[in-house]
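Remember, our numbering sits 171 above the position in the sequence shown when you count from 1.
Idealized CB from N, CA, C, for every residue including glycine.
This one's a predicted model, so the numbers in the text were calculated from it and none came from an experiment.
Take a look at the structure set out below.
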Amino acid sequence: MAALPDLELPDHPRLVQNITYFARALRTAGLPIGPGRVIDAIRAVQEAGFTARADFFWALHACFVSRPEEHAVFAQLFRLYWRDPQYLEQMMSLLSPMVRGVQQERAAQAAERRAAEALLDGHDRDLPVPEHADDEVEIEIDAARTMSSQERLRTLDFEQMSTAEMAAAKRMLARLRLPVPPILSRRTQRLPGRLPDWPGTMRAAMRRGGEVTDFATKRRRLRYPNLVVICDISGSMSQYSRAILHFLHAVANREGQGWAQVQAFTFGTRLTNITRHLRTRDVDAALSAAGAEAQDWEGGTRIAACLHDFNRDWSRRVMGQGAVVLLVTDGLDRDSDADLGHEMERLRLASRQLIWLNPLLRWDGFAPKARGIMQMLPRCSSLHAGHNIASLEGLAAALSRPDDTGQKARFMAMLG
């Protein structure tokens, strides 16, 4: 990247003070940053210089970012603080979307609201007073604000949640249940039932000298399936995957939901088994360990190759006795050489139900035009959205009604 003349710093462009304030905003947004990292960042910038934006960005990134999931917040804070001289007004506009300010009305980008709240921590968020008292401020009433906070969180997109909203959403996700109805096994047990037990009848008769005095009966055993979750953690799915894995941790560690076992896998450019991490009782420690093991977090997407690895290495181990598979991905495969349709068919044949959660269904104009989506859609049992708490609550209904295909029929009609 060619060197730029100078960066547009905020007011009072004193480098050390600005880096310190930037680090404090990152800490407010959730990054574990202490004084040592701030000193290292200042020294790194002094050594690397800051005439090129890329050099300045990556020097700070190397000092402040230690986990893949922290990249999105860092990138938004860097863009808003260091590149926009009117960043404070931009932040005011983000946090007060019903007032028309400097920024045009639009949906916040990934991690943007969390970055806004971090930058404005401690600032007065009141609207500026007009120069003339008679000037009117045009205000649009947001009817959504009249809803209860929990009802609003149920329908709010995970990608658009602020830090406080995401924390509240995680508490709601921890209380959700995903019970599964039992399955009638072909095996039977010697308990009173409606099936005749001829061997049992004959054994009882032999104990009485061959006289049949009663007919023994039996009934079929009840068993519970495994839940296998295969979750996409690529860049476009990162925020949704974290919320769904938080929900999955609650399912795996709560008694009485019926699942025989809960198996979890993540994939981006490679497949990673994170089942053992989800057995940790503390959810933060569990997800931190899972994120550390999955080195491809927020990377590219190779759905077909990762499903091939699962079908080859793990299917026989975890898919026995009619497992229910929950596939969480947007279906945007970057690997054009692999046969995604074939791998999806193998996965469907090995499972009792193959439920596809696709956050892209949140868009009213979504259509199955991508090659990967066109190959996956006919081979899933049902298709559901997975972008908010309400959509995850609907999973229980999909599990209790195997004939419920969700939105699959509507999109199959689009394919012709």
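Just the Cα atoms here: how many angstroms apart are residue 626 and residue 425? Residue numbering for the chain in the displayed model covers 172 to 587; residue 626 lies beyond these limits and cannot be assessed.
* Asked: Where does residue 389 sit, in a helix, a strand or coil, going by DSSP?
  -> Looking at residue 389 - three-state DSSP - the assignment turns out to be strand.
At what residue ranges does the stretch 408-433 contain a whole run of the alpha helix (DSSP H), taking only runs of 4 or more? Runs of the alpha helix (DSSP H) inside the stretch 408-433: 409-423.
**Prompt:** Given a threshold of 16 other Cβ atoms within 10 Å of its Cβ, counted over all protein chains shown, does residue 352 qualify as buried or as exposed?
**Reply:** Burial check for residue 352: the Cβ neighbour count within 10 Å stays below 16, so the residue is exposed.
Rank 484, 227, 535, 553 by C-alpha distance to the C-alpha of residue 525 and give the top, closest one. Comparing Cα-Cα distances from residue 525 to each of 484, 227, 535, 553, the minimum goes to 553.
- Quick one: is residue 586 buried, meaning 16 or more other Cβ sit within 10 Å of its Cβ, or exposed? Exposed, by the Cβ-count rule.
task = Tell me, please, which residues DSSP counts as bridged to residue 524.
result = Beta-bridge pairing by DSSP links residue 524 to 495.
*asked:* Taking only three categories from DSSP, how would you classify residue 553?
replied: In the three-state reduction of the DSSP assignment, residue 553 falls in the strand class.
Residue 368 - partner residues in DSSP beta bridges | DSSP, once it has assigned bridges, lists no residue as partnering residue 368.
* To do: Following the continuous beta strand (DSSP E) through residue 403, name the residue where it begins and the one where it ends.
  => 398-403 is the extent of the beta strand (DSSP E) around residue 403.
#### Entry: Exposure of residue 534, with buried meaning 16 or more beta-carbon neighbours within 10 Å
Its Cβ having fewer than 16 others within 10 Å, residue 534 is exposed.
Point to revise | Beta carbon of residue 231 nearer than 8 Å to that of residue 196 | key: No, Cβ-Cβ distance for residue 231 and residue 196 is not below 8 Å.
Give the secondary structure of residue 509 by DSSP, where H, G and I count as helix, E and B as strand, and everything else as coil.
Assignment of residue 509 by DSSP, reduced to helix, strand and coil, places it in the coil class.
Note to self: For residue 332, count the other beta carbons within 10 Å of its own beta carbon; 16 or more makes it buried, fewer makes it exposed. Which is it?
What the structure shows: Burial check for residue 332: the Cβ neighbour count within 10 Å reaches 16 or more, so the residue is buried.
| What does a CB cutoff of less than 6 Å around residue 547 pick up in its chain, not counting 5 residues either side in sequence? | Excluding sequence neighbours, residue 547 sits near 502, 515.
Notebook entry, point to check: Where does residue 386 land, buried or exposed, given buried means 16+ other C-beta within 10 angstroms?
Noted result: Taking all protein chains shown into account, residue 386 has fewer than 16 neighbouring C-beta atoms within 10 Å of its C-beta and is therefore exposed.
Applying the 10 Å Cβ sphere with the 16-neighbour rule, what's the burial state of residue 581? Exposed.
- Message: Pop quiz: residue 469 and residue 409 are said to be a contact at Cβ under 8 Å. What is the actual Cβ separation, rounded to whole angstroms?
- Response: About 5 Å separates the two Cβ atoms, so the contact holds.
Does DSSP put residue 541 in a helix, a strand or coil?
-> Coil.
Compute the beta-carbon to beta-carbon distance between residue 531 and residue 537, rounded to the nearest angstrom, for a pair I have assumed lies under 8 Å. Indeed, because the Cβ distance is near 5 Å, the residues count as touching under 8 Å.
With a CB to CB cut of under 8 Å and the five nearest residues on each side skipped, what residues in its chain are close to residue 366? Once the five neighbours on either side are set aside, the close Cβ partners of residue 366 are 359, 388, 389, 390, 391.
Q) With residue 412 and residue 496 assumed to form a contact (beta carbons below 8 Å), what rounded beta-carbon distance in angstroms separates them? A) Contact between residue 412 and residue 496 fails: their C-beta atoms lie close to 16 Å from each other, not under 8 Å.
In this structure, what does DSSP give as the bridge partners for residue 445? DSSP output for residue 445 lists no bridge partner at all.
| task | May I ask you to verify whether the stretch 560-573 touches the stretch 504-518, counting CB pairs closer than 8 Å and requiring at least 3? | result | No: fewer than three Cβ pairs fall under 8 Å.
Does DSSP put residue 581 in a helix, a strand or coil? Helix, per DSSP.
- Under 7 Å Cβ to Cβ from residue 191, same chain only, skipping five residues before and after it: list those, please. The residues are 209.
Starting from residue 360, trace the beta strand (DSSP E) both ways and give me its first and last residue.
In the DSSP assignment, residue 360 falls within the beta strand (DSSP E) that extends over 354-360.
Quiz item: Given a threshold of 16 other Cβ atoms within 10 Å of its Cβ, counted over all protein chains shown, does residue 486 qualify as buried or as exposed?
Solution: Looking at its Cβ environment, which holds 16 or more other Cβ atoms inside 10 Å, residue 486 is buried.
Should residue 491 go down as buried or exposed, given a rule of 16 or more other Cβ atoms within 10 Å for buried? Exposed.
#### Entry: Endpoints, alpha helix (DSSP H) assigned at residue 192
For residue 192, the uninterrupted alpha helix (DSSP H) run begins and ends at 186-199, by DSSP.
Margin query: According to DSSP, is residue 437 part of a helix, a strand, or is it coil?
Written below: In the structure shown, the three-state DSSP call for residue 437 is strand.
Item checked: Beta-carbon spacing of residue 451, residue 445 below 8 Å -> No, the pair does not count as a contact, with Cβ atoms beyond the cut-off.
By alpha-carbon positions, which one of 324, 460, 474 ends up nearest to residue 506? Selected option, being the one with the closest Cα: 474.
#### Entry: Opening and closing residue of the alpha helix (DSSP H) in which residue 209 lies
Run containing residue 209: 206-219, per the alpha helix (DSSP H) assignment.
Starting from residue 461, trace the alpha helix (DSSP H) both ways and give me its first and last residue.
-> Run containing residue 461: 454-464, per the alpha helix (DSSP H) assignment.
Relative to the C-alpha of residue 478, which candidate in 455, 453, 454, 510 has its C-alpha closest? The residue with the shortest Cα to Cα distance from residue 478 is 510.
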